[in-house]
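Residue numbers for the sequence shown follow my numbering, so the first one is -12 and each next one is one higher.
Quick reminder that beta carbons are idealized off the backbone N, C-alpha and C, glycines included.
A short worksheet on the structure shown next.
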Amino acid sequence: MVLTVDIGNSNIVLGGYEDGRLSFSTRFATERKLEADQFAVEIRGLLHLYAVDKSRITDVVISSVVPGITSLVAGALRRIVPVHALMLTTGGNTGVEIDIDNPAELGADILSSAIAAKARYPMPCVIIDMGTATTITAMDARGAVCGVAIMPGVYISQDALKMRTSQLHGISLEAPPAAIGRNTADSMKSGAVYGNASMLDGMIDRFAEELGGVQTVVATGGAARKIVACCRHNILYEPDLLLDGLYHYYLRNRQPEGAPGPRE
């Protein structure tokens, strides 16, 4: 089994690949105050919950956008599985050209999704990731990452609305009966769901214009499923796109036993 690990701002996601297929995936909240031992307890518990025998894990691949805990999580994984993790970096053998002003700025999460998209879909492609932040990534006809738009995520926006207003409260992320809300809850749901869906539709149009057309639009991330269902564009929803990218990165970089490689 290849264990893929995505360290995100809100969640740490684990996924196991066997024979090229994702056999399980799970997540736990990113907690920046934990030590390596505590991360190990969390990870070991989840592996046990999914009946994953650690002896089946032969390789570990990590992406991270939280540098402060990357080494702690890698250390926790080494306590469970005695292998050195393969780290996704912009300088690694990704198979994806990064055609932006400073390639080192590109987040590992965006890069991993781009690796998966290039392996799976026709180009040009637009990738939407609706996590802590919402990112929209452009891949041109060559399959190169040529730019990104970044905005506050759906849940961050809702949290800010609750914090900065006196009479607005939390809502579930569900589409209301109509865009024109007739009560406070439906009005907020309209803004969260239809507002974000309209933003995505508009940005896809702008990206398509600048790319000279788009063949594929794919979305991932915790809030994406309910939002893209209300978009007018045809958008594929792939919840495991980022993990798939890590697995493809592993396939490009796996080393014979004992050989050196870009490892943690």
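* **C-alpha gap between Asn170 and Val215, whole angstroms** => The residue given as residue 170 occupies position 183 in the sequence shown. The residue given as residue 215 occupies position 228 in the sequence shown. Answer to the nearest angstrom: the Cα atoms are 24 Å apart.
* To do: Please say whether Leu64 and Ala72 have beta carbons closer to each other than 8 Å?
  => Within the sequence shown, the letter at position 85 stands for residue 72. Within the sequence shown, the letter at position 77 stands for residue 64. A contact, by the Cβ cut-off of 8 Å.
* Asked: Cα separation between Ile67 and His156?
  -> Numbered from its first residue, the sequence shown carries residue 67 at position 80. Numbered from its first residue, the sequence shown carries residue 156 at position 169. One C-alpha to the other measures close to 42 Å.
* Gly134 versus Ile114: straight-line alpha-carbon distance, rounded -> Position 147 of the sequence shown, counted from the first residue, corresponds to residue 134. Position 127 of the sequence shown, counted from the first residue, corresponds to residue 114. Taking the Cα positions, Gly134 is about 11 Å away from Ile114.
* Answer yes if the stretch 186 to 203 comes into contact with the stretch 230 to 238, meaning at least three C-beta pairs across the two stretches below 8 Å, and no otherwise. => As far as the Cβ criterion goes, the stretch 230 to 238 does not touch the stretch 186 to 203, which means the pair count is below three.
* Which ranges would you report for the alpha helix (DSSP H) in the stretch 49 to 134 if only whole runs of at least 4 residues count? -> As far as the stretch 49 to 134 is concerned, its whole alpha helix (DSSP H) runs of at least 4 residues are 54 to 67, 95 to 107.
* Answer yes if the stretch 19 to 37 comes into contact with the stretch 78 to 90, meaning at least three C-beta pairs across the two stretches below 8 Å, and no otherwise. => At 8 Å Cβ cutoff, the stretches do not touch.
* Run through DSSP, which three-state label would Ile143 get? -> Taking the first residue of the sequence shown as position 1, residue 143 is located at position 156. In the structure shown, Ile143 sits in a helix (DSSP, three-state: H, G or I).
* Local conformation of Val201 per DSSP, three classes -> Stepping through the sequence shown from its first residue, residue 201 is reached at position 214. In the structure shown, Val201 falls within a coil segment according to DSSP collapsed to helix, strand and coil.
* Among Glu92, Pro164, Gly2, nearest to Leu34 - alpha-carbon criterion -> Numbered from its first residue, the sequence shown carries residue 34 at position 47. Nearest option by C-alpha distance: Gly2.
* To do: Starting from Asp227, follow the alpha helix (DSSP H) in both directions and report where the run begins and ends.
  => Position 240 of the sequence shown holds residue 227. Judged by DSSP secondary structure, Asp227 falls outside any alpha helix (DSSP H); it is assigned neither H nor E.
* Is Val39 helix, strand or coil by DSSP? -> As a first step, residue 39 is located in the sequence shown; it is residue number 52 there, counting from the start. Correct three-state label for Val39: coil.
* To do: Kindly give me the distance between the Cβ atoms of Ala210 and Met117, rounded to whole angstroms, as I take these residues to be in contact under 8 Å.
  => In the sequence shown, residue 210 corresponds to position 223, counting from 1. In the sequence shown, residue 117 corresponds to position 130, counting from 1. The C-beta separation of Ala210 from Met117 comes to about 4 Å, placing the pair in contact by the 8 Å criterion.
* To do: State buried or exposed for Met74, treating a residue as buried only when at least 16 other CB atoms are found within 10 Å of its CB.
  => Taking the first residue of the sequence shown as 1, we reach residue 74 at position 87. In the assembly as shown, Met74 is a buried residue. Its beta-carbon has 16 or more other beta-carbons within 10 Å.
* Asked: Taking just the CA atoms, how far does Pro164 sit from Gly248?
  -> Counted from its first residue, the sequence shown places residue 248 at position 261. Counted from its first residue, the sequence shown places residue 164 at position 177. Bear in mind that a pLDDT of 45 at Gly248, under 50, signals an unreliable position, so the number given afterwards is only what the model happens to contain. CA-to-CA, the gap between Gly248 and Pro164 works out to about 54 Å.
* For Glu22, which residues from the same chain have a beta carbon less than 8 Å from its beta carbon, with the 5 sequence-adjacent residues on both sides left out? -> As a working mapping, residue 22 is identified with position 35 in the sequence shown. Apart from sequence neighbours up to five positions away, the residues of its chain that approach Glu22 with a beta-carbon distance below 8 Å are Leu59, ordered along the chain.
* Asked: Between the C-alpha atoms of Ala38 and Leu98, what's the straight-line distance to the nearest angstrom?
  -> Residue numbering aside, residue 38 sits at position 51 when the sequence shown is read from its first letter. Residue numbering aside, residue 98 sits at position 111 when the sequence shown is read from its first letter. When rounded, the distance between both Cα atoms is 30 Å.
* CB of His220 to nearest heavy atom of the ligand SAH: below 7 Å? -> This structure lacks the ligand SAH; in fact it carries no ligand of any kind.
* **C-beta contact flag for Pro111 and Met126 at 8 Å** => As a working note, residue 111 is residue 124 in the sequence shown. As a working note, residue 126 is residue 139 in the sequence shown. In this structure, Met126 lies closer than 8 Å to Pro111 by Cβ.
* Spell out the partners DSSP gives Ile(-6) in its beta bridges. => Residue mapping note: residue -6 aligns to position 7 of the sequence shown, counting from 1. Answer is Ile(-1), Ser51.
* To do: Return the first residue and the last residue of the beta strand (DSSP E) that Ala16 is part of.
  => As a working note, residue 16 is residue 29 in the sequence shown. It spans 8 to 16 - the beta strand (DSSP E) in which Ala16 sits, taken as one unbroken run.
* Kindly give me the distance between the Cβ atoms of Val(-11) and Asp46, rounded to whole angstroms, as I take these residues to be in contact under 8 Å. => Working through the sequence shown from its first residue, we reach residue -11 at position 2. Working through the sequence shown from its first residue, we reach residue 46 at position 59. At roughly 5 Å, the Cβ-Cβ gap stays under 8 Å, so Val(-11) and Asp46 are in contact.
* Tell me whether the beta-carbon of Leu7 lies closer than 8 Å to the beta-carbon of Val52. => Taking the first residue of the sequence shown as 1, we reach residue 7 at position 20. Taking the first residue of the sequence shown as 1, we reach residue 52 at position 65. Position check: residue 7 holds Gly in this sequence, whereas Leu was assumed. Result no, Cβ atoms of Gly7 and Val52 do not sit closer than 8 Å.
* **Asn183 versus Arg107 - alpha carbon distance** => Indexing the sequence shown from 1 puts residue 183 at position 196. Indexing the sequence shown from 1 puts residue 107 at position 120. Between Asn183 and Arg107, the C-alpha separation is close to 26 Å.
* To do: With distances taken Cα to Cα, identify the nearest neighbour of Leu229 among Glu196, Gly208, Asn221, Leu223.
  => Reading the sequence shown from its first residue, position 242 is the one you call residue 229. For the residues Glu196, Gly208, Asn221, Leu223, the minimum Cα distance to Leu229 belongs to Gly208.
* Asked: How many whole angstroms separate the CB atoms of Cys218 and Leu198, which I take to be in contact at a CB cut-off of 8 Å?
  -> By one-based count along the sequence shown, residue 218 stands at place 231. By one-based count along the sequence shown, residue 198 stands at place 211. About 18 Å; that fails the 8 Å criterion.
* Between the Cα of Phe194 and those of Val132, Leu9, Tyr142, Asn80, spot the shortest distance and give me the residue it belongs to. => Here residue 194 is taken as the residue at index 207 of the sequence shown, counted from 1. Phe194 has its Cα closest to that of Val132, out of Val132, Leu9, Tyr142, Asn80.
* Enumerate, from N- to C-terminal direction, the unbroken beta strand (DSSP E) stretches of 3 or more residues contained entirely within the stretch 169 to 221. => List check, beta strand (DSSP E) in window: 203 to 207.
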